[in-house]
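Report on the structure given below.
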Amino acid sequence: MNDRATPPATDFVTLFQAAQQAFERGQYQNSITLLEAAGKQVLPASRQGGEVKLWLVNAYQALGEAETAIALCEALLTHPFVSKKARDLMYILKAPVLERPKEWLTEIPDLQRLEESAGRDRYASAPAKSTPRPTQSAPLDPTEINHQDNQFVWVAIGILLLVCGGVVWFF
Numbered sequence: 258m259n260d261r262a263t264p265p266a267t268d269f270v271t272l273f274q275a276a277q278q279a280f281e282r283g284q285y286q287n288s289i290t291l292l293e294a295a296g297k298q299v300l301p302a303s304r305q306g307g308e309v310k311l312w313l314v315n316a317y318q319a320l321g322e323a324e325t326a327i328a329l330c331e332a333l334l335t336h337p338f339v340s341k342k343a344r345d346l347m348y349i350l351k352a353p354v355l356e357r358p359k360e361w362l363t364e365i366p367d368l369q370r371l372e373e374s375a376g377r378d379r380y381a382s383a384p385a386k387s388t389p390r391p392t393q394s395a396p397l398d399p400t401e402i403n404h405q406d407n408q409f410v411w412v413a414i415g416i417l418l419l420v421c422g423g424v425v426w427f428f
């Protein structure tokens with residue numbers, strides 16, 4: 258296939274875990290190399306052999322080698338342990354690629370050139386807008402204040418006394 262360096266011989270579990278970690282970090286080429294080495298240490302028809310091949314399908318697909326991924330996945334359709342997973346994966350691999358509108362995508366800025374544009378692209382914060390203070394009205398003239406008793410106060414006190422008296426009467 259490609260010129261890949263074969264990792265030093267080690268046990269299956271170590272190689273398989275290292276391949277999974279490389280895949281999860283986005284190091285798909287390294288993951289393929291480790292998975293191929295792990296696959297050589299187990300029987301191809303075993304459960305572990307099938308799992309390795311499924312991970313290889315995912316790694317090839319993530320690397321952009323869709324034809325290789327589909328061919329490997331087709332071979333797994335008859336595998337005794339992973340044929341159902343291979344069918345599900347084949348369905349995904351052969352699905353049409355949908356176009357995404359530009360509004361759905363968010364552009365992530367390149368932070369590697371951050372030092373180059375240190376002062377050029379920085380934004381200055383806008384000065385805070387001050388809210389206008391309400392104008393204070395002139396104090397009221399004491400002659401304009403109504404000092405007459407409000408009849409409502411006496412009516413409210415009377416109703417309150419009646420309610421309290423009714424509560425005491427019933428208990």
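Numbering (this note's numbering), first residue to last: 258 to 428. For each residue, glycine too, the CB sits at the ideal point set by N, CA and C.
A Cβ-Cβ distance of about 6 Å is found for the pair glutamine 286 and leucine 320, placing them in contact under the 8 Å criterion. For arginine 304, the enclosing alpha helix (DSSP H) covers residues 304-320. The C-beta separation of alanine 316 from serine 288 comes to about 5 Å, placing the pair in contact by the 8 Å criterion. Less than 7 Å divides the Cβ of leucine 292 from the Cβ of leucine 313. Around the C-beta of leucine 350, 16 or more other C-beta atoms lie within 10 Å, and the residue is accordingly described as buried.
Glutamine 274 counts as exposed, since fewer than 16 other C-beta atoms from the protein chains shown sit within 10 angstroms of its C-beta. A distance of 7 Å or more separates the beta carbons of alanine 343 and leucine 355.
Within its own chain, no residue has a Cβ closer than 7 Å to the Cβ of threonine 388 once the five positions on either side in sequence are excluded. Sequence-distant partners of tyrosine 348 (beyond 5 residues in either direction) whose C-beta falls short of 8 Å from its own C-beta are missing from its chain. Using a 10 angstroms sphere on the CB of glutamine 408, the tally of other CB atoms stays under 16, which defines it as exposed. Here phenylalanine 269 really is in contact with alanine 295; their C-beta atoms are around 5 Å apart, less than 8 Å. Residue state for leucine 362 is assigned as coil, using DSSP reduced to three classes. For leucine 333, the enclosing alpha helix (DSSP H) begins and ends at 323-333.
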